[in-house]
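Residue numbers (the numbering used here): -10 to 62. Ideal placement from N, C-alpha and C gives every residue a C-beta, glycine not left out. For reference, the structure is listed below as structure tokens.
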């Protein structure tokens, strides 16, 4: 199971949610494909909510425009 690090590329303030450049989470996926686009990005949404208490989907940042994905394991 691959491990991915997802990092916010640029700061964003939307719908009352503030994302700062450099915020990052690590997720383990059952798939080798991009976790942002797999399953509607639910693994990534859950990880940001668990670690930072923010809903990146509500902030409109669940996109490769705002997120950098790196496979680390």
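- Separation of the CB atoms of residue 19 and residue 53 is rounded to 20 Å, and the pair is thereby denied contact status at 8 Å.
- By DSSP's assignment, residue -7 forms a beta bridge with 16 and 60.
- Rounded to the nearest whole angstrom, the CA to CA distance from residue 13 to residue -6 is 7 Å.
- Excluding residues up to 5 positions away in sequence, 14, 43 and 45 lie with their Cβ nearer than 6 Å to the Cβ of residue 37 in the same chain.
- In the DSSP assignment, residue 32 falls within the unbroken alpha helix (DSSP H) covering 31 to 41.
- Under the DSSP assignment, residue 2 falls in the beta strand (DSSP E) whose first and last residues are 1 to 3.
- Boundaries of the beta strand (DSSP E) harbouring residue 8: 6 to 8, taken from the DSSP string.
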